[in-house]
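Have a look at the structure below before the remarks.
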Amino acid sequence: MNEQNIFIVRCGEVALKGMNKPYFEKALVERIRKNLQPLGIGEPGKWGNPGGINVSRHEGLIFIHADKSVDPDQIIRNTSKVFGVASISQAVEAPSNLDEIGPVAVDFMMKQIKERGIKTFKVEAKRADKNFPVKSPDIARIIGAKVLIGCKVLKVDVHNPDVRLFVDLRKDRTYLYDQKISGFGGLPLGTNGKGMVLLSGGIDSPVAAWMMAKRGMMLEAMHFHSYPYTSPRAQQKVEELAGIVASYSGSMRMHIVNLLPIQEQIVMNCPEEETTILVRRFMMRIAEEIAKKNKCMMLITGENLGQVASQTAEALVVTDACVSMPVMRPLIAMDKVDIMDKAQEIGTYEKSIEPYEDCCTVFLPKHPTTKPRLQQIEASESRLDVEALVKAAVESEEIKEIRA
Ligand code: ATP
Ligand code: MG
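The numbering of the sequence shown is this note's numbering, which starts it at 3 and goes up by one.
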């Protein structure tokens, strides 16, 4: 019995998709396989080979069957990181009849007694197969009685049990488990195009990238530095941050451009208080060009309404006006504390707060304009050869492959 470890994966929003459900489910299975690959994926159908893991769809759920030699905690960790996964449970299975479910339930609980010293339990049953002749509350009662007889030390506690034994009765098989480990939900990667995220070393942009990837968007990243004003170590930090994002969003390319030649032109030719907004417009233009070349459909930034001078409503309008590609700002209405919490949750925070310089802080004006007017900004830009500067920047890009 149960030669392999079995895991049930529940899909959140994917399950709500109508006609497109099989497409999303297939994409989700592929993504789970990919995340489990480092642990050893076996040939589909050939279970039981050492390190073998099989991922399949059945009865509206996704199942992972893994050889016992593979660490179950690692399977849970890698799977719960896959976007589209609502939750995962390690389960044992039994044929769908009460006589056979009983002993499996007793075995399961005996193990809990041995490993965790539990004293109380409650059975919660769900009958996905509505043709099954016994209703859910009765299934729970019958299995509960069998557990009480089989595990003499246990008592029922319906309010605050040490273990909740879930019995999920389906047409072919019944699954028993005691824990649901939450995933992030969202949609499987690759089901929603590709975007170019402008990645700084700060707290916000990795969270913005993560949020778009969570909705199924593949990513490429764009990073600007001002070497030698910014150090190679600062860039190293951004690559490491991108690596953390990539552990969710998959390996991605990072496009790196030195913005210093453009910043120098701006400082020499334009009003000081406009430096920040002018630099930002160049960033957007360069990112858009590189995005187009790489079939990215949108730009993504970590901008947030009112956070700094360049993110007032007026500044955002002026920033947007220089590109035609949609600019996604998933953090736009979030409070900084909530963004920081999210960064903690996804594991980027500690890296983000490492103190390295950023190109935005080079040539920072004392009093940046907070209400730029497009006409005025365009007038300042007319003193620069915008097209040539953008072209040179795009041509100078360096590309790095970022792995999770
Ligand atoms: P973050 O917003 O990521 O915490 P930050 O606060 O230093 O970093 P802001 O000045 O708020 O950055 O910039 C707003 C957004 O502009 C960033 O979220 C990011 O998308 C983009 N950006 C800023 N600096 C860079 C950079 N050096 N390279 C690429 N994109 C950048
Ligand atoms: Mg910011």
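Glycine residues also receive a C-beta, built at the ideal position from the N, C-alpha and C atoms. Computed from a predicted model, the values in this text were never measured in an experiment.
Relative to A17, the option among I64, V269 and P97 whose CA is nearest is I64.
Between the alpha carbons of V259 and H369 lies a distance of about 26 Å. Within the DSSP bridge table, the entry for K148 names no partner. V209 sits away from K83, with the two beta carbons spaced by 7 Å or more.
Looking at the backbone, the Cα of R255 and that of V57 are separated by about 28 Å. The stretch 210–218 makes no contact with the stretch 232–240; the number of CB pairs closer than 8 Å stays below 3. Judged by pairs of C-beta atoms under 8 Å, the stretch 128–143 touches the stretch 154–170, as three or more such pairs exist. Residue nearest to V281 within the set L307, C362 and Y351 is C362 (criterion: CA-CA distance).
Along the length of the stretch 7–66, whole alpha helix (DSSP H) runs at least 4 residues long occupy 23–38, reported in chain order.
With a 10 Å radius around the Cβ and a threshold of 16 neighbouring Cβ atoms, L191 comes out buried. Around the beta carbon of R375, fewer than 16 other beta carbons lie within 10 angstroms, which makes this residue exposed. Excluding its 5 nearest sequence neighbours in each direction, T81 has C-beta neighbours in its own chain below 8 Å: F9, V11, I34, N37, L38, I66, V87, I90 and G185, listed in chain order.
Residue pairing from DSSP places N260 in a beta bridge opposite H227. In this structure, the straight-line span from the alpha carbon of E291 to that of G14 is close to 36 Å. Ranked by Cα distance from A381, the options A311, I145 and E276 are led by E276. Taking 6 Å as the cut-off, the C-beta of E356 does not count as close to any heavy atom of ligand 1. Relative to ligand 1, the beta carbon of H257 is positioned no closer than 6 Å to any heavy atom. Around the beta-carbon of Y177, 16 or more other beta-carbon atoms lie within 10 Å, marking it buried. Counting only the Cα atoms, I401 lies some 58 Å from F134. Restricted to the stretch 72–140, the beta strand (DSSP E) segments that are unbroken, complete and at least 3 residues in length are 87–97 and 122–129, listed in chain order. Cβ neighbours of G349 within its own chain (closer than 7 Å, five residues either side excluded): I246. A straight line joining the alpha-carbon of H257 with that of Q114 spans about 51 Å. Burial is judged here by how many other beta carbons sit within 10 angstroms of a residue's own beta carbon; H227 has at least 16 and is buried. Burial of S207 is indicated by the presence of at least 16 other C-beta atoms within 10 angstroms of its C-beta. Beta-bridge partners of V158 (DSSP): F123.
Runs of the beta strand (DSSP E) lying entirely within the stretch 244–293 and spanning at least 3 residues, in chain order: 254–260. Closest option to P234, judged by alpha-carbon separation, among I43, A93, V94 and E359: E359. Nearest in C-alpha terms to G218, of all of K294, G188, Y229 and A244, is G188. Taking a contact to require three or more Cβ pairs closer than 8 Å, the stretch 144–163 and the stretch 98–107 qualify as touching. Annotation: V199 to K297 spans about 13 Å, alpha carbon to alpha carbon.
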